[in-house]
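In my numbering, the protein residues as written are 11 to 124.
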């Protein structure tokens, strides 16, 4: 159980760190260019989806078995975090949640199998 918590703590810590760096990059792009809100939203959605896929792929590589189950567990943790943010009135779109959840599962399965 300790190993399980340690692996997921590492993965989510890495995910948090990479997402913070990505957010800083998006903010710098916003203030240094004349891009519209729609374009920035699209960049943010695609970039975060790629980050979720790569981090879940790494999680699958680290666990080396049960990719689908680990993907569902990781997705459940992600949905719990989204629920907490929704309680504090953060605007999160349903399409973004669905895309990232599917990519988490796919990344874990691919990480185990490749």
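Here a beta-carbon is modelled for each residue, glycine too, at the ideal position from N, C-alpha and C.
If you're wondering where the values come from, they're calculated on a predicted model, not measured in any experiment.
Rounded to the nearest angstrom, how far is the Cβ of residue i from that of residue j, given a contact under 8 Å?
i: residue 40; j: residue 50; result: 6 Å
i: residue 85; j: residue 111; result: 5 Å
i: residue 66; j: residue 23; result: The Cβ separation is near 14 Å, so there is no contact.
i: residue 27; j: residue 58; result: Residue 27 to residue 58, Cβ: 13 Å. No contact.
i: residue 73; j: residue 17; result: 7 Å
Hey, would you say residue i sits closer than 7 Å to residue j, going by beta carbons?
i: residue 71; j: residue 121; result: yes
i: residue 81; j: residue 60; result: no
i: residue 124; j: residue 62; result: no
Considering only residues of the same chain and omitting the five flanking positions on each side of residue i, which have a CB-CB separation below 7 Å?
i: residue 102; result: 92, 95, 96
i: residue 54; result: 36
With DSSP run on the structure shown, which of helix, strand or coil describes residue i?
i: residue 100; result: coil
i: residue 19; result: helix
i: residue 50; result: helix
i: residue 124; result: coil
i: residue 89; result: helix
i: residue 69; result: helix
i: residue 74; result: coil
Leaving out the 5 sequence neighbours to the left and right, which residues in its chain are closer than 6 Å to residue i when beta-carbon positions are compared?
i: residue 20; result: none
i: residue 45; result: none
Quick one: what's got a C-beta closer than 8 Å to residue i's C-beta in the same chain, skipping five residues either side?
i: residue 109; result: 55, 59
i: residue 78; result: 115, 118, 119
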